[in-house]
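2 protein chains.
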Amino acid sequence: MTRRTEALSIGQVSEATGLSVHALRFFEREGLFLRPIPRSAGRQRVYDPADVQWLVLCNRLRDSGMSIATLRRFAELVRSGPGNEHERLALLEEHERTVRARIAELDASLAVIHDKVITYRGHLRDGTATGLWAPTPSP
Amino acid sequence: MTRRTEALSIGQVSEATGLSVHALRFFEREGLFLRPIPRSAGRQRVYDPADVQWLVLCNRLRDSGMSIATLRRFAELVRSGPGNEHERLALLEEHERTVRARIAELDASLAVIHDKVITYRGHLRDGTATGLWAPTPSP
DNA sequence: GTAGAAACTAGAGCGTGCTCTAGGTCAAGC
DNA sequence: GCTTGACCTAGAGCACGCTCTAGTTTCTAC
Chain U
8 MTRRTEALSI
18 GQVSEATGLS
28 VHALRFFERE
38 GLFLRPIPRS
48 AGRQRVYDPA
58 DVQWLVLCNR
68 LRDSGMSIAT
78 LRRFAELVRS
88 GPGNEHERLA
98 LLEEHERTVR
108 ARIAELDASL
118 AVIHDKVITY
128 RGHLRDGTAT
138 GLWAPTPSP
Chain G
8 MTRRTEALSI
18 GQVSEATGLS
28 VHALRFFERE
38 GLFLRPIPRS
48 AGRQRVYDPA
58 DVQWLVLCNR
68 LRDSGMSIAT
78 LRRFAELVRS
88 GPGNEHERLA
98 LLEEHERTVR
108 ARIAELDASL
118 AVIHDKVITY
128 RGHLRDGTAT
138 GLWAPTPSP
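So the sequences go chain by chain: U and G.
Straight run, no breaks: the first sequence in my numbering ends on number 146.
Straight run, no breaks: the second sequence in my numbering ends on number 146.
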């Protein structure tokens with residue numbers, strides 16, 4: 008007897024992933040799923056837990072700045088089955104480098120911003136808050 | 008004798024800040040400068056080094072994800088002179104929190120991505136690269 | 001069987017942040 | 001004076017990533 012995997016409606020998947028139902032349909036149009044999502048007799052989408060797992064990964068990739076186009080490329084690679092794992096790895100490695108670079112950039116900006124915050128606090132404490140916008144050590 | 012500050016053309020400011028001349032005019036329309044940029048006899052913008060310094064800070068704020076709207080709010084506060092330093096500090100502190108949260112989010116995503124990378128490398132090394140997309144420890 | 005919620009499609013619309021176009025004007029060198 | 005390149009304005013256009021609309025159908029509960 009074939010074990011039925013748990014069927015999920017678009018609303019349930021939306022709930023589970025935090026993606027809106029609009030976004031889920033958009034993702035499908037954009038070819039971001041790993042398979043054609045099957046439909047019920049009434050043409051409604053029937054997802055399964057593996058789709059949700061994939062979407063969770065998609066969320067991580069999107070949240071870390073991967074574009075829809077790159078995500079689609081990754082999905083295409085996974086869809087086309089075994090044999091292109093080196094390409095998938097290369098794509099992920101590239102994205103990892105991008106994310107690390109972005110974090111480094113944010114760290115650098117954060118240092119500048121935190122410095123400003125410290126300076127403002129100091130001047131406010133001392134009552135000498137003039138000309139504080141400058142990026143160099145404040146006057 | 009009044010010391011002339013160094014006058015800069017829009018092209019020079021573009022060069023110095025990395026912002027395009029289009030972006031500089033856009034920033035001006037959006038009210039992101041600390042003063043009305045003066046014009047030459049021929050209606051050309053005449054910047055000075057302080058404008059460049061401000062733009063360098065703007066770049067840091069923008070690069071770290073501050074919206075144009077928030078940057079405008081900050082510029083308005085600075086423009087309106089002394090007396091609102093607490094507001095400026097609050098704005099910067101809020102942005103600092105936002106940036107830290109973003110870094111934390113990226114760190115979390117990076118962990119997931121790096122994990123995938125490691126898994127792909129392992130499976131490729133072992134020649135067992137199947138079903139590797141899953142976000143859970145790969146099958 | 002009927003109400004109300006949820007889903008469907010195709011396609012328009014929107015917020016953000018520039019970027020580019022069109023049609024000039026201005027400045028510097030020869 | 002003329003060329004060349006930088007600059008001007010106002011406004012249109014664009015890429016991205018959804019979000020929403022309109023009109024219809026389907027599902028669920030009573």
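Just so you know, even glycine gets a beta-carbon here, dropped at the ideal spot from N, CA and C.
Remember, predicted model here, so these are calculated numbers, not experimental data.
Residue-level contact to chain U via CB, residue i, 8 Å cutoff
{"i": "Leu117 of chain G", "result": "yes"}
{"i": "Ile75 of chain G", "result": "no"}
{"i": "Tyr54 of chain G", "result": "no"}
{"i": "Arg32 of chain G", "result": "no"}
{"i": "Ile17 of chain G", "result": "no"}
{"i": "Ile110 of chain G", "result": "yes"}
{"i": "Gly25 of chain G", "result": "no"}
Proximity of residue i and residue j at Cβ, strictly below 8 Å
{"i": "Arg107 of chain G", "j": "Leu117 of chain U", "result": "yes"}
{"i": "Leu84 of chain G", "j": "Glu100 of chain G", "result": "no"}
{"i": "Ile17 of chain G", "j": "Leu31 of chain G", "result": "yes"}
{"i": "Val119 of chain U", "j": "Arg67 of chain G", "result": "yes"}
{"i": "Glu92 of chain G", "j": "Tyr54 of chain U", "result": "no"}
{"i": "Phe81 of chain G", "j": "Leu98 of chain G", "result": "yes"}
{"i": "Ile110 of chain G", "j": "Asp122 of chain U", "result": "no"}
{"i": "His102 of chain U", "j": "Met73 of chain U", "result": "yes"}
{"i": "Glu37 of chain G", "j": "Ile44 of chain G", "result": "no"}
Within-8 Å CB hit, residue i to chain G
{"i": "Asp114 of chain U", "result": "yes"}
{"i": "Ser71 of chain U", "result": "yes"}
{"i": "Leu96 of chain U", "result": "yes"}
{"i": "Glu103 of chain U", "result": "yes"}
{"i": "Leu39 of chain U", "result": "no"}
{"i": "Val20 of chain U", "result": "no"}
{"i": "Leu99 of chain U", "result": "yes"}
{"i": "Glu13 of chain U", "result": "no"}
{"i": "Met8 of chain U", "result": "Any reading at Met8 of chain U needs caution, since the residue's pLDDT is 40, under 50, leaving its predicted position unreliable; the model's value is listed next. Not closer than 8 Å to any Cβ of chain G, the Cβ of Met8 of chain U fails to qualify, so no."}
{"i": "Val106 of chain U", "result": "yes"}
{"i": "Glu92 of chain U", "result": "yes"}
{"i": "Arg150 of chain U", "result": "Residue 150 of chain U is absent from the model: chain U starts at 8 and stops at 146."}
Integer Cβ distance of residue i from residue j, believed to fall under 8 Å
{"i": "Val202 of chain U", "j": "Leu15 of chain U", "result": "The requested residue 202 of chain U does not occur in the structure, where chain U is confined to residues 8 to 146."}
{"i": "Arg86 of chain U", "j": "Leu41 of chain U", "result": "5 Å"}
{"i": "Pro56 of chain U", "j": "Glu13 of chain U", "result": "6 Å"}
{"i": "Thr24 of chain U", "j": "Leu62 of chain U", "result": "4 Å"}
Can you list the alpha helix (DSSP H) stretches of 4 or more residues lying completely in the region 49–130 of chain U, in chain order? As far as the region 49–130 of chain U is concerned, its whole alpha helix (DSSP H) runs of at least 4 residues are 56–70, 75–86.
Residues within the region 121–134 of chain G neighbouring chain U, beta-carbon criterion of under 9 Å: Under the 9 Å Cβ criterion, the region 121–134 of chain G contributes His121, Lys123, Val124, Tyr127, Arg128, His130, Leu131.
Scan the region 13–53 of chain G and note each continuous alpha helix (DSSP H) run of 4 residues or more that stays entirely inside, going in chain order. With a minimum length of 4 residues, the continuous alpha helix (DSSP H) runs that stay inside the region 13–53 of chain G are 17–24, 28–36.
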